[in-house]
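The numbering used here puts the first residue of the sequence shown at 224, with every later residue one more than the last.
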Amino acid sequence: MSTRAAAARIDWGALSTKLRPDTFAEISAFRRRHTELTKLVSELREQPTSIDFSHYRKTLKNTKVVDDAEKAFAAFKPATYDLGEQIRIIEQQQAKAVATAETTAKKVNAEVNELKDLLNNIETARPVDQLTVDDVAKAYPELDKTVEKMVKRGQWSVPGYYERFGDFIVGF
């Protein structure tokens, strides 16, 4: 699949919701710069590239200048650059980004599984009005030890209970 076809298939709206804002901003800036450069290249390709040196020889009195310009133009060769180093750097950055994305995906999947387990526990838990003292003691063994210690000391009231809940008297 060509790069252009792959870029055309990207759902940029959905991508913006899946990436961090700073990452999406960098990608958007890159896309914008690429679009500008593509437009500039197409405009430059449309411009005429030939020079009518005979016209300048007729117009200018000093034809030596035109001859020198024609020689310089004929000798001009555009510079070529070895892009191997830049491509290698880009591939390294891409590998880092993929590794970071995989790590993040693993963390998110672990958190999702943890939350699913928590949700399952919440959905399958018994209602509070059906819990017994034994269930609470089993869930919080330290509470059972605290109550035993209070009974040994003769503390029959829980500090702060009457202030919070009032006096509960059952009349017979």
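Ideal placement from N, C-alpha and C gives every residue a C-beta, glycine not left out.
Since the model is a prediction, treat every value here as computed from it, not as a measurement.
If you check the CB distance, threonine 272 and arginine 280 do not come in under 9 angstroms. Taking a C-beta distance under 9 angstroms as the contact criterion, glutamate 293 and phenylalanine 276 qualify as a contact pair.
Look at asparagine 285 here: in three-state DSSP terms it is coil, with no helix or strand label. DSSP places proline 364 in the uninterrupted alpha helix (DSSP H) bounded by 364-376. Taking the C-beta atoms as reference points, valine 374 is found no nearer than 9 angstroms to leucine 366.
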